[in-house]
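Enquirer:
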Amino acid sequence: QKEVEQNSGPLSVPEGAIASLNCTYSDRGSQSFFWYRQYSGKSPELIMSIYSNGDKEDGRFTAQLNKASQYVSLLIRDSQPSDSATYLCAVNGRGDDKIIFGKGTRLHILP
Amino acid sequence: DTAVSQTPKYLVTQMGNDKSIKCEQNLGHDTMYWYKQDSKKFLKIMFSYNNKELIINETVPNRFSPKSPDKAHLNLHINSLELGDSAVYFCASSQRFSRGYGVYGYTFGSGTRLTVV
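Those protein sequences? They're chains C and Z, same order as listed. Residues -8 to 102 in the numbering used here are what the first sequence lists, from first letter to last. Residues 350 to 466 in the numbering used here are what the second sequence lists, from first letter to last.
Below, the structure written as structure tokens:
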């Protein structure tokens, strides 16, 4: 059974600080990795995709992938109250037509 | 112009009833999905269609029957609704890789909150 693990939180971070969200996955053959943000009562929104080892930056967001350690992370710089949401890590395995989601980490940015 | 639209947004119904949820995408994607998000917010795949062909059918009661009349539409019909079916149902679409197997990130619809009483 392929699994994606995240700490459920809540993770509380002061406004302006760096929020660090972590995720591990069980399928070593996984090829695509995603971070989704979900506000309460809304649908998940794709914020980052990463396909190769290393860092990928987009504005205040940086995704980090380490396939050897089967580890994905998301850094949010200069955290804003509007970043308060649940962040879902998601993984697409090689040869797979579906994406498996973690249970999400609740992030709370303290004003 | 909504990319993935689902109707209805809310559905309240009695146990034993039959109901349908509709989904349409205008992104030109070739693959569509139904996911169920339970009260603990865990997203679990139910079905997937690629170009009208059923490609994923997870362990879901056969009271749930998906239908895809074309690659832009995916519907979900649920017979004999039970209390445990109460959840948010999300439709999503994506595009398969042009080479090999795999998919790009999904675009989700706004969800249908189903409450069975």
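Where is the CB? At the ideal position from N, CA and C, for every residue including glycine.
#1: Could you pull the DSSP bridge partners for residue 59 of chain C from this structure?
#2: Of all the residues that make up the segment 24 to 50 of chain C, which are near chain Z by a beta-carbon distance shorter than 7 angstroms?
#3: Consider the Cβ of residue 455 of chain Z: report whether some Cβ of chain C lies at a distance smaller than 8 angstroms.
#4: Since residue 99 of chain C is in the beta strand (DSSP E), which residue starts that stretch and which ends it?
#5: Could you tell me which chain C residues have their CB closer than 8 angstroms to the CB of residue 390 of chain Z, listed as they occur along the chain?
#6: Looking at the unbroken beta strand (DSSP E) that takes in residue 436 of chain Z, where does it start and where does it end?
#7: Less than 8 angstroms separating the beta-carbons of residue 438 of chain Z and residue 385 of chain Z?
#8: Any idea what DSSP makes of residue 415 of chain Z, helix, strand or coil?
#9: Identify whether residue 430 of chain Z lies in helix, strand or coil by the three-state DSSP scheme.
#10: Can you tell me whether residue 46 of chain C sits near the ligand PLP, meaning its C-beta is under 7 angstroms from at least one heavy atom of the ligand?
Expert: Taking the definition as stated:
#1: Taking the first sequence and counting its residues from 1, one reaches residue 59 of chain C at position 68. The bridge partners DSSP lists for residue 59 of chain C come to none.
#2: Against chain Z - using a Cβ distance shorter than 7 angstroms - the residues of the segment 24 to 50 of chain C are 25, 34, 35, 37, 40.
#3: Numbered from its first residue, the second sequence carries residue 455 of chain Z at position 106. Taking 8 angstroms as the CB threshold, residue 455 of chain Z lines the interface with chain C.
#4: Numbered from its first residue, the first sequence carries residue 99 of chain C at position 108. Residue 99 of chain C -> beta strand (DSSP E) spans 96 to 101.
#5: Position 41 of the second sequence holds residue 390 of chain Z. Contacts between residue 390 of chain Z and chain C, judged by CB atoms closer than 8 angstroms, involve 29, 77, 94, 95 in chain order.
#6: As a working note, residue 436 of chain Z is residue 87 in the second sequence. 436 to 443 is the extent of the beta strand (DSSP E) around residue 436 of chain Z.
#7: Stepping through the second sequence from its first residue, residue 438 of chain Z is reached at position 89. Stepping through the second sequence from its first residue, residue 385 of chain Z is reached at position 36. A Cβ-Cβ contact shorter than 8 angstroms links residue 438 of chain Z with residue 385 of chain Z.
#8: Counting from one through the second sequence, the residue named residue 415 of chain Z turns up at place 66. Look at residue 415 of chain Z here: in three-state DSSP terms it is strand.
#9: For the purposes of this step, residue 430 of chain Z is taken as the residue at position 81 of the second sequence. Looking at residue 430 of chain Z - three-state DSSP - the assignment turns out to be coil, as it is neither helix nor strand.
#10: For the structure depicted, the ligand PLP is absent and the ligand set is empty, with no information on it obtainable.
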